[in-house]
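Numbering (our numbering), first residue to last: 31 to 164.
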């Protein structure tokens, strides 16, 4: 059992009928994707000629920020502003855009292949949790 799942299960506030494993899985994917995108942006900047990768770097940074924010919101209970579903949709969109861009460079830069995979996995987890929200 992961720490994320343990925290979701031991939090005293009600989950509102949501599956704790779906929440924990999405949370873990968001944290992993944020780290992967941050590392990918740094790796792109470390390439001999990073100029052709500017769009990739920017999408990596945006995706990392959105994933980190999503993980933080998912770590708390309640949704007083009703934003969780919209945030999950935004995170999915950011991840898919980043994955598409990274895939353009994946053949020549393995770090982009790794990042694209992480982004797709996170996008899928966000979609699954959003479906659980109803």
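Quick reminder that beta carbons are idealized off the backbone N, C-alpha and C, glycines included.
In the same chain as residue 32, and ignoring 5 residues on each side of it, the C-beta atoms closer than 7 angstroms to its own belong to 54, 58, in chain order. If you look at residue 92, you'll find it in the alpha helix (DSSP H) that goes 84-104. In the three-state DSSP reduction, residue 50 falls in the helix class (H, G or I). In the three-state reduction of the DSSP assignment, residue 36 falls in the helix class.
One alpha carbon belongs to residue 109, the other to residue 47, and they sit about 13 angstroms apart.
For the options 100, 104, 106, the alpha carbon positioned closest to that of residue 120 is the one of 100. Classified as buried, residue 66 has 16 or more neighbouring CB atoms from the shown chains inside 10 Å of its CB. A contact is defined here as three or more CB-CB pairs under 8 angstroms, and the stretch 112-127 fails this definition with respect to the stretch 77-85. With contacts defined by Cβ atoms closer than 8 angstroms, residue 86 and residue 64 do not form a contacting pair. Taking each of 140, 154, 164, 161 in turn and checking the Cα distance to residue 60, the smallest one comes out for 154. Counting along the chain, residue 122 sits inside the alpha helix (DSSP H) bounded by residues 114-135. For residue 147, the enclosing alpha helix (DSSP H) covers residues 140-163.
Between the alpha carbons of residue 83 and residue 62 lies a distance of about 22 angstroms.
Taking C-alpha positions only, residue 93 is separated from residue 42 by approximately 31 angstroms.
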